[in-house]
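One structure is given here, and the rest of the page talks about it.
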Ligand code: DOR
Ligand code: ZN
């Protein structure tokens, strides 16, 4: 047994309010604990989106009653809420700006609106940007012009990580995160299921040993369509290689847990996103097993750095216990997320969460979540 600090996920979509058929604060935080996360930061692209005091209260009251692990809630940057959001900053995990195609209505194209938020959001608190490629370059320019911290969400491309390295070398206050599916792409069996129609589509694939570590990184290329829809899109083997080579530039691993139901993913207009809370740590531990990461790499990026970047308090008497060698096969049937599927279905991994202790109380043990709904705390409640 190895003990690690409780992991912090700075990027989850809890879906409540408005998308409870995909996930809610109860099922989502149960999935977090099962995945070794004791603190999650929730994204604001709910229905309604979290952009003002009333919508923040809607999300937080749901969390208050249902969350099983600790949490904080992001505010979303909208076209007319720069003042209102800044006034609520102390109660939020941070400000999220969607500057590229995403799920939900929170997208800002007009750079004068970006500037309003950069001007008014408190200087010591990070702005998290969904900004890909050239929009990311534009956000880095704003970070420099306004001399303030920005955190780039789910970096996926070679050009992005190379630019962030340069920006860091120049002293810009930029941090970044990478999602597991941009380092370790999903099972090829799963990809095939997503493309097919009808027959055999929902068959459980046989176990596969980790194609994620093969030379060509699984060979999925830039996946598009069906169940593989995700933003940013799945990247190429060259992009993944560049991310692995720039591990020193990556501040955090974030799941970008973005559950949608299989019916939605297999429908005519599949929404982007994968669940990730329960598979991320096992995938990272498999990378440790394969000699591509160390446990210290994981602790730094899943605990120490997110805590520092988002000014999160220490969770006293909180830790997780893992069996770093346990070999098991990922099956959505055994998971807690409401969406009921995983892009890593059938993949054999090394490393399992055995027990989670949150603020002195056992919260998860051997496949069972023991923390009750409502026991999670808002770490930004003052
Ligand atoms: O794949 C994604 N899913 N990317 C996003 O930016 C949003 C997310 C979601 O909320 O489903
Ligand atoms: Zn996201």
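Numbering (this note's numbering), first residue to last: 558 to 939. For each residue, glycine too, the CB sits at the ideal point set by N, CA and C. All values reported here derive from a predicted model rather than from experimental measurement.
Rounded straight-line distance, which links the Cα of residue j to that of residue i
i           : j           : result
residue 587 : residue 795 : 35 Å
residue 709 : residue 854 : 19 Å
residue 805 : residue 574 : 37 Å
residue 542 : residue 930 : Within the shown structure, residues of the chain are numbered from 558 to 939, placing residue 542 beyond reach of any answer.
residue 561 : residue 651 : 26 Å
residue 720 : residue 807 : 12 Å
residue 752 : residue 783 : At residue 752 the pLDDT is 44, less than 50, meaning the model places this residue with poor confidence and gives no usable figure here.
residue 633 : residue 688 : 14 Å
residue 645 : residue 907 : 42 Å
residue 739 : residue 792 : 6 Å
residue 736 : residue 863 : 14 Å
residue 733 : residue 711 : 7 Å
residue 837 : residue 811 : 8 Å
residue 797 : residue 803 : 10 Å
residue 722 : residue 729 : 10 Å
residue 596 : residue 673 : 30 Å
residue 589 : residue 912 : 12 Å
residue 817 : residue 568 : 16 Å
residue 584 : residue 727 : 42 Å
residue 938 : residue 582 : 17 Å
residue 602 : residue 851 : 34 Å
residue 613 : residue 668 : 25 Å
residue 698 : residue 662 : 25 Å
residue 690 : residue 716 : 7 Å
residue 828 : residue 785 : 10 Å
residue 887 : residue 741 : 14 Å
Where residue i sits in the DSSP three-state scheme
i           : result
residue 633 : strand
residue 780 : Unreliable placement is indicated for residue 780, whose pLDDT of 44 sits below 50; no coordinate value is reported for it.
residue 723 : helix
residue 742 : coil
residue 854 : helix
residue 566 : strand
residue 885 : strand
residue 912 : strand
residue 669 : helix
residue 866 : helix
residue 623 : helix
residue 795 : helix
residue 932 : coil
residue 704 : coil
residue 607 : coil
residue 950 : What the structure shows of the chain is the stretch from 558 to 939, and residue 950 is not part of that stretch, so it cannot be assessed.
residue 898 : coil
residue 845 : helix
residue 822 : helix
residue 693 : helix
residue 771 : Only weak support exists for where residue 771 lies, its pLDDT of 42 falling under 50; the coordinates are left without a value.
residue 835 : coil
residue 907 : strand
residue 578 : coil
residue 648 : helix
residue 788 : coil
residue 572 : coil
residue 677 : helix
residue 596 : strand
residue 860 : helix
Contact belief for residue i with residue j at Cβ below 8 Å, rounded distance in angstroms
i           : j           : result
residue 692 : residue 789 : With 8 Å as the limit, residue 692 and residue 789 do not qualify as a contact, their Cβ atoms being about 11 Å apart.
residue 883 : residue 909 : 4 Å
residue 826 : residue 620 : The Cβ separation is near 29 Å, so there is no contact.
residue 860 : residue 565 : 6 Å
residue 592 : residue 834 : 4 Å
residue 940 : residue 815 : Absent from the model: residue 940. The displayed extent of the chain is 558 to 939, so no value can be given.
residue 874 : residue 922 : That belief does not hold up - the Cβ atoms of residue 874 and residue 922 are roughly 16 Å apart, past 8 Å.
residue 647 : residue 877 : Not really, about 29 Å apart at Cβ, beyond 8 Å.
residue 630 : residue 610 : Incorrect: roughly 12 Å between the Cβ atoms, too far for contact.
residue 706 : residue 683 : 5 Å
residue 685 : residue 653 : 5 Å
residue 718 : residue 800 : 6 Å
**Message:** Taking contact to mean 3 or more Cβ pairs, one atom from each stretch, closer than 8 Å, check whether the region 674-682 and the region 634-654 are in contact.
**Reply:** As far as the Cβ criterion goes, the region 674-682 touches the region 634-654, which means the pair count is three or higher.
**Request:** Check whether the region 885-895 touches the region 862-871, counting contact only when three or more Cβ pairs, one atom from each stretch, lie closer than 8 Å.
**Result:** Between the region 885-895 and the region 862-871, the count of C-beta pairs closer than 8 Å stays below three; the two stretches do not touch.
**Request:** Count the C-beta pairs between the region 837-852 and the region 651-666 that are closer than 8 Å, then say yes if the count reaches three, no if not.
**Result:** No contact exists between the region 837-852 and the region 651-666.
**Prompt:** Any contact of the region 922-929 with the region 603-611, i.e. 3+ C-beta pairs under 8 Å?
**Reply:** Fewer than three beta-carbon pairs drawn from the region 922-929 and the region 603-611 are found closer than 8 Å, and the two stretches are therefore not classed as touching.
**Prompt:** Are at least three pairs of beta-carbons, each pair with one atom in the region 855-863 and one in the region 900-915, less than 8 Å apart?
**Reply:** No: the two stretches stay apart, fewer than three of their Cβ pairs being nearer than 8 Å.
**Item:** Chain-ordered residues, beta carbon under 6 Å from a heavy atom of the ligand ZN
**Value:** That gives 568, 570, 600, 813, 815.
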